[in-house]
């Protein structure tokens with residue numbers, strides 16, 4: 515009988531690590547007081563390493579190596595009434611992500627690149643590797659999730675502020691989500707968009723994700739709103755609270771005239787006249803309708 519020994523392959527560490535010799539900027543967190551609170555004598559000052567954070571600036575990567583200032587009272591340490599050396603350490607600010615190389619500006623840059631520049635994480639991973647930081651795509655995803663959780667309270671405050679405005683534009687966009695519980699990767703989920711009118715004093719855009727396009731979602735997200743909602747003719751908006759006034763979107767109405775005018779060479783056709791005159795000049799001349807008009811509808 516032949517005995518076969520099976521050895522499991524050692525799993526590679528997913529921990530982020532620095533792979534290049536980068537410039538180091540030292541940061542010293544100083545003591546609030548440099549004199550012993552017991553006897554008043556000056557501390558003997560030295561510093562203790564507390565860790566590195568990988569910082570990122572456009573076209574420049576560097577490391578901030580932080581030190582913590584520690585004070586030792588030589589007088590109290592030599593006093594027989596005290597047990598051992600007497601130390602006091604500077605209070606270290608809470609890290610953005612504990613025990614991680616990620617700094618707050620690195621996470622902000624990753625999120626901005628992904629959602630503002632549509633730069634996927636796997637491409638950002640390659641770019642970071644070229645700058646000297648080896649990190650897995652899973653770790654980048656966790657950093658993005660953690661960053662979004664840290665600003666959740668700000669998002670909720672902006673959402674409440676948006677629903678206190680007089681006019682809101684609303685729409686929903688289908689997206690596909692991989693590995694969503696109970697749904698196939700090819701099925702549709704939805705981002706419900708809400709944004710201020712063009713002439714609002716404070717411009718706010720809010721995205722609400724939901725696997726469903728059900729009227730229950732529309733009723734829930736507009737529950738505390740009592741102004742005018744500019745939206746398309748989707749039947750789900752028929753179930754929003756009755757205190758909300760609904761207004762049709764001019765951009766959706768104009769779209770059909772644009773489609774009808776395509777291929778028509780004559781500038782005298784009714785479709786061309788509406789597109790060139792009624793849908794632009796009339797909206798600009800009417801102050802009330804200007805609040806309802808927005809190109810992103």
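In the numbering used here, the protein residues as written are 515 to 811. All residues carry an ideal CB built from backbone N, CA and C; glycine is no exception.
| Check | Outcome |
| --- | --- |
| Less than 7 Å between the beta carbons of residue 681 and residue 715, yes or no? | no |
| Is the beta carbon of residue 651 closer than 7 Å to that of residue 636? | yes |
| Where does residue 751 sit, in a helix, a strand or coil, going by DSSP? | helix |
| Applying the criterion that 16 or more other CB atoms from any shown protein chain within 10 Å of the CB defines a buried residue, is residue 529 buried or exposed? | exposed |
| According to DSSP, is residue 633 part of a helix, a strand, or is it coil? | coil |
| Tell me whether the stretch 597 to 609 and the stretch 647 to 662 touch, counting them as touching only if at least three CB pairs, one residue from each stretch, are closer than 8 Å. | no |
| Taking residue 575 as the reference, which of 620, 673, 705 and 659 has the closest Cα? | 620 |
| In terms of alpha-carbon separation, which member of 704, 548, 569 and 761 lies closest to residue 560? | 548 |
| Counting only the same chain and skipping the five closest in sequence on each side, list residues whose C-beta sits under 8 Å from that of residue 728. | 750 |
| Determine the closest residue to residue 568 out of 618, 591 and 766, with distance taken between C-alpha atoms. | 618 |
| Residues in the same chain with beta-carbon distance under 8 Å from residue 616, minus the five sequence neighbours each way, listed in chain order, please. | 530, 567, 568, 610 and 657 |
| What are the boundary residues of the beta strand (DSSP E) that includes residue 816? | In the structure displayed, the chain extends from 515 to 811; residue 816 sits before or after that span and is not available. |
| For the candidate residues 556, 551, 544 and 572, whose alpha-carbon lies nearest to that of residue 562? | 544 |
| Less than 8 Å between C-beta atoms, sequence neighbours within five positions excluded: which residues of the same chain meet that for residue 758? | 736, 739, 740, 741, 742 and 743 |
| Cutting at 7 Å between CB atoms, please list the residues of its own chain near residue 717, excluding the five before and the five after it. | 710 |
| With distance defined between alpha-carbon atoms, name the residue in 601, 661 and 571 nearest to residue 585. | 601 |
| Residue 570 and residue 646: beta carbons closer than 7 Å? | no |
| Checking the sheet assignment: what are the DSSP bridge partners for residue 764? | In the DSSP output, where bridge partners are listed per residue, residue 764 has none listed. |
| Whole angstroms is fine: what's the gap from residue 553's alpha carbon to residue 540's? | 31 Å |
| Return yes when the Cβ of residue 785 is within less than 7 Å of the Cβ of residue 775, no when it is not. | yes |
| For the alpha helix (DSSP H) containing residue 667, name the first residue and the last one. | 666 to 676 |
| Between which two residues does the beta strand (DSSP E) containing residue 603 stretch? | 600 to 603 |
| For my contact list, residue 691 and residue 703 are in at a C-beta cut-off of 8 Å; report their separation, rounded to the angstrom. | 5 Å |
| Which word fits residue 580, buried or exposed, when buried means at least 16 other C-beta atoms lie within 10 angstroms of its C-beta? | buried |
| Please classify residue 799 as buried or exposed, where buried requires at least 16 neighbouring CB atoms within 10 angstroms. | Confidence in residue 799 is poor, its pLDDT being 46 and thus under 50, which makes the residue's placement unreliable; the coordinate value appears in the next sentence. Exposed: under 16 other Cβ atoms inside 10 Å. |
| The beta strand (DSSP E) with residue 703 in it runs from where to where? | 703 to 710 |
| How about residue 538 and residue 577: are their beta carbons less than 7 Å apart? | yes |
| When the Cα atoms are used, what is the spatial distance from residue 480 to residue 725? | The structure shown has nothing for residue 480, since the chain only spans 515 to 811. |
| Nearest to residue 731 by CA position, among 706, 746 and 713, is which residue? | 706 |
| In whole angstroms, what separates the C-alpha of residue 772 from that of residue 789? | 6 Å |
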